[in-house]
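Here the protein sequences come in this chain order: A and B.
For the first sequence, position 135 matches number 135 in my numbering, and the numbering has no gaps at all.
For the second sequence, position 225 matches number 225 in my numbering, and the numbering has no gaps at all.
The structure under discussion appears below in the form of structure tokens.
2 protein chains.
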Amino acid sequence: MKSRPTLKTIAEHIGVTVSTVSLALRDDPRISRATRDRVQEAADALDYVYNRHAANLRRGDSATVAVCLNELSNPFVTEFLQHMEAHFREAGRMMLFGHAHESLALQAEVVKQMAEHGAAGMIMVPVMGTTAEELVRLQRSYLRHCPLVLISRDVDDAPVDRVINDDGLGVRLLLEHLQALGHRRIAWLGGGQGTSTARDRERSFVEGLAIAGLTPVSIHHGPTSMAFGDAAAGPLLDAPNPPTAIVCFSDLVALGVQAACYRRGLVPGVDISVTGFDDMDVAAYATPPLTSVRVRTDVIGQQASALLLARMAGDQTPPRCQTVDPLLVVRASTGPVPDTPSLPGDAL
Amino acid sequence: MKSRPTLKTIAEHIGVTVSTVSLALRDDPRISRATRDRVQEAADALDYVYNRHAANLRRGDSATVAVCLNELSNPFVTEFLQHMEAHFREAGRMMLFGHAHESLALQAEVVKQMAEHGAAGMIMVPVMGTTAEELVRLQRSYLRHCPLVLISRDVDDAPVDRVINDDGLGVRLLLEHLQALGHRRIAWLGGGQGTSTARDRERSFVEGLAIAGLTPVSIHHGPTSMAFGDAAAGPLLDAPNPPTAIVCFSDLVALGVQAACYRRGLVPGVDISVTGFDDMDVAAYATPPLTSVRVRTDVIGQQASALLLARMAGDQTPPRCQTVDPLLVVRASTGPVPDTPSLPGDAL
DNA sequence: TTACACAGTTCAATCGTTTGAACCAATGAG
DNA sequence: CTCATTGGTTCAAACGATTGAACTGTGTAA
């Protein structure tokens with residue numbers, strides 16, 4: 001039941017003071033090479049573990065960074081986690097992790113806890129319905145001068161940094177692709193209301209079609225899940241005059257749609273075109289592989305962590321909004337409009 | 001540039017001492033209702049944020065729990081993260097997060113950092129190649145009396161708690177199912193060497209077949225990824241006398257196999273049977289939906305966090321190994337052996 | 001009247017580390 | 001021989017919260 005060694009333990013062990021040990025372990029030039037070595041040796045021998053609680057307390061800052069995600073069940077979101085962990089590790093920072101479960105209340109709770117744990121900076125994918133006021137409140141109440149960077153989702157008029165995907169561009173790329181294939185009857189299967197991504201993608205969809213003189217066959221909203229894609233696709237596919245293409249809010253939704261197609265014996269890319277968004281790993285291995293828009297989670301994660309570290313280092317310039325360009329990835333789930341005998345007068 | 005309020009700030013604000021404030025905020029009965037209210041009011045007004053660094057330092061313990069995962073790119077692994085986050089949140093504990101990237105060196109580094117941050121307990125999916133000696137070393141050097149619970153992967157003879165899936169049972173369920181469908185030519189497509197899961201599943205596969213008087217058509221090893229499944233399936237499918245069923249180490253591998261089938265015009269469940277393992281979310285929505293073994297990540301996560309909390313509360317009983325029974329989930333990727341005109345004398 | 005219990009508050013030490021200032025030899029310069 | 005310099009080490013005061021012990025003042029019992 002021996003407790004952990006501290007600086008004092010080491011100090012007593014080799015007959016110097018704690019100050020000496022403290023300085024020595026941090027390679028302060030004031031301490032002689034010889035003493036430094038002796039200290040290091042003793043520390044190793046005693047299995048000394050640095051106590052950051054104490055150090056942070058004294059120095060009044062901390063090296064930990066907090067990451068609060070809206071929803072973990074979406075593999076796309078965990079891609080951010082992955083990239084950010086790597087960047088922060090390189091920068092020598094530990095990561096506090098929180099999951100807001102798309103709940104405003106939980107998000108506030110998590111932010112509070114992270115603040116109590118002395119997070120020196122925070123990355124966040126805001127949950128649905130997060131407003132600028134809410135963010136300001138969180139900053140004032142809990143974060144004080146701890147910088148905050150939003151990723152993936154924007155929040156209107158929020159005076160905070162954000163790094164987001166250019167969703168408008170992504171949707172335009174998809175529409176160009178579908179139109180080049182001859183599609184004119186296109187439906188939208190949308191994701192969670194109350195997020196900038198859902199709104200921006202849908203708006204770009206409607207506007208993009210309008211420019212081509214088209215109107216959406218239909219627009220449906222629902223959660224960003226395979227279950228929703230599956231359920232919502234049914235009525236679309238079974239309609240007397242179904243769309244020739246379904247543009248989905250995300251890959252998850254698109255995978256659900258593909259499942260619905262499968263059960264009806266419809267082959268995506270042949271009988272109907274289906275597109276995803278995000279290009280998460282499984283998209284490439286779907287059957288058929290999914291045409292999608294690759295959101296550069298690595299670049300977004302990289303830029304966000306760089307921005308956060310800069311803020312933590314004292315960068316006081318006004319909040320920035322950085323957008324990252326996505327890439328269209330064409331795979332087999334999209335194809336030319338099937339020349340089924342369509343009813344005459346059906347065009348437009 | 002105002003800094004955060006402390007107990008002292010509040011104390012001065014309402015004319016009491018820090019002790020009073022400290023006790024009041026924690027609802028100590030020694031403090032009168034009236035003072036307690038005044039303190040709470042002032043704390044709210046000043047946006048006071050509790051400083052756990054200081055509290056932990058003084059009390060000599062901490063409420064944070066560390067989770068160190070082997071690999072984040074596998075959605076199956078993040079399911080654990082999800083469930084554990086929920087359990088620890090309920091227990092009022094914050095989560096430190098680390099990612100070992102299947103690297104022993106990184107794993108040690110992460111454990112060290114987590115120890116420095118005062119983790120009071122740790123959950124870990126050990127990386128490939130982790131030995132009992134390595135675990136003991138980590139415990140002695142960094143964790144001291146901080147309890148450790150392994151999940152998902154076992155480590156032979158390690159004197160630590162673990163909660164793992166019963167992989168043997170899972171494989172037996174799969175084999176029974178396949179044999180009931182008439183399969184006798186069955187191949188194994190295996191995952192990362194150096195893990196208990198890879199070893200146990202493969203061993204159970206070989207033994208299971210042996211009991212039925214069969215031998216594996218082939219056995220291949222490789223990383224737990226769709227890319228591997230895709231690449232490794234090619235030669236199998238193109239062989240002159242291909243297996244009628246491919247049993248995959250994990251869903252990810254199976255999805256890769258399905259992709260390989262798709263490119264060859266083979267339909268899983270009709271032309272060949274494919275099975276996964278883990279039953280992660282996407283398995284149900286694959287085309288065709290994947291027959292798999294559901295690993296109860298929720299139950300494992302629940303048991304592991306309960307066990308860890310018990311250890312943190314002082315449970316000193318000897319290390320336990322808890323196994324959780326998986327469920328066979330039959331979907332469309334498996335079907336009866338196709339009665340193609342097989343060469344005579346080809347049986348067995 | 002003295003003593004005592006008791007509720008409510010304060011005192012003061014403590015956790016492990018950091019850090020500016022102080023200290024102390026030993027050396028070199030004047 | 002003194003005085004300043006310097007390299008190496010120690011002093012002591014923080015950081016913010018916790019907590020057992022000590023201290024008030026009131027009310028009650030003896």
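Glycine included, C-beta positions come from ideal geometry on N, C-alpha and C.
Taking Cβ positions only, does residue i come closer than 8 angstroms to chain B?
{"i": "A/V111", "result": "no"}
{"i": "A/A259", "result": "yes"}
{"i": "A/L72", "result": "yes"}
{"i": "A/E85", "result": "yes"}
{"i": "A/A42", "result": "no"}
{"i": "A/A286", "result": "yes"}
{"i": "A/M226", "result": "yes"}
{"i": "A/P338", "result": "no"}
{"i": "A/M94", "result": "yes"}
{"i": "A/D173", "result": "Residue 173 of chain A is actually Leu in this sequence, not Asp. No - not a single Cβ of chain B is within 8 angstroms of the one on A/L173."}
{"i": "A/S273", "result": "no"}
{"i": "A/S333", "result": "no"}
{"i": "A/S342", "result": "Note that A/S342 scores a pLDDT of 46, beneath 50, so its modelled location is shaky and nothing firm can be said."}
{"i": "A/L23", "result": "no"}
{"i": "A/D47", "result": "yes"}
For residue i, which residues does DSSP report across the bridge?
{"i": "A/M84", "result": "Answer by DSSP bridge pairing: none, since A/M84 is not bridged."}
{"i": "A/I31", "result": "According to DSSP, which records beta bridges pairwise, A/I31 is partnered with nothing at all."}
{"i": "A/M114", "result": "None, per the DSSP bridge assignment."}
{"i": "A/D278", "result": "A/R294"}
{"i": "B/F349", "result": "Only positions 1 to 348 of chain B appear in this structure, which leaves residue 349 of chain B out of reach."}
{"i": "B/N377", "result": "Because chain B is modelled from 1 through 348, residue 377 of chain B falls outside the range shown and cannot be assessed."}
{"i": "A/P268", "result": "A/I272"}
{"i": "A/V329", "result": "A/S292"}
For residue i and residue j, I'd like the C-alpha separation in whole angstroms.
{"i": "A/A245", "j": "A/P75", "result": "25 angstroms"}
{"i": "B/H177", "j": "B/Q316", "result": "42 angstroms"}
{"i": "A/Q40", "j": "A/M124", "result": "39 angstroms"}
{"i": "B/R137", "j": "B/F205", "result": "33 angstroms"}
{"i": "B/R59", "j": "A/S3", "result": "13 angstroms"}
{"i": "A/S196", "j": "A/Q322", "result": "14 angstroms"}
{"i": "A/V127", "j": "A/F97", "result": "15 angstroms"}
{"i": "A/G229", "j": "A/R153", "result": "21 angstroms"}
{"i": "A/R311", "j": "B/L255", "result": "42 angstroms"}
{"i": "B/N51", "j": "B/V324", "result": "39 angstroms"}
{"i": "B/G129", "j": "A/A132", "result": "48 angstroms"}
{"i": "B/I10", "j": "B/S305", "result": "36 angstroms"}
{"i": "B/A187", "j": "A/V267", "result": "29 angstroms"}
{"i": "A/F249", "j": "A/V282", "result": "16 angstroms"}
{"i": "A/D271", "j": "A/R201", "result": "25 angstroms"}
{"i": "B/L181", "j": "A/V149", "result": "54 angstroms"}
{"i": "B/H99", "j": "A/V337", "result": "45 angstroms"}
For residue i and chain A, any beta-carbon pair shorter than 8 angstroms?
{"i": "B/T78", "result": "yes"}
{"i": "B/A100", "result": "no"}
{"i": "B/F97", "result": "yes"}
{"i": "B/E116", "result": "yes"}
{"i": "B/G256", "result": "yes"}
{"i": "B/A54", "result": "yes"}
{"i": "B/Q82", "result": "yes"}
{"i": "B/T64", "result": "yes"}
{"i": "B/R311", "result": "no"}
{"i": "B/R140", "result": "yes"}
{"i": "B/V282", "result": "yes"}
{"i": "B/V324", "result": "no"}
Can you tell me where the alpha helix (DSSP H) with residue i in it begins and where it stops?
{"i": "B/T297", "result": "T297 to M312"}
{"i": "A/V253", "result": "D251 to R263"}
{"i": "B/M226", "result": "M226 to D238"}
{"i": "A/G121", "result": "Segment G121 to M124 is the beta strand (DSSP E) holding A/G121; no alpha helix (DSSP H) there."}
{"i": "A/V21", "result": "V18 to L25"}
{"i": "B/V160", "result": "Looking at the DSSP string, B/V160 is not in any alpha helix (DSSP H), and its letter there is neither H nor E."}
{"i": "A/E134", "result": "A132 to L138"}
{"i": "A/N56", "result": "R52 to R59"}
So the beta strand (DSSP E) residue i belongs to, where does it begin and stop?
{"i": "B/I10", "result": "Unbroken run through B/I10 is the alpha helix (DSSP H), L7 to I14; no beta strand (DSSP E)."}
{"i": "A/T323", "result": "C321 to V324"}
{"i": "B/V247", "result": "A245 to C248"}
{"i": "A/I356", "result": "Residue 356 of chain A cannot be examined here, being either before or after the span of chain A that is shown, 1 to 348."}
For this session: Pick out the complete alpha helix (DSSP H) segments inside the region 184–222 of chain B, 4 residues or longer, and give them in chain order.
Result: 196–211
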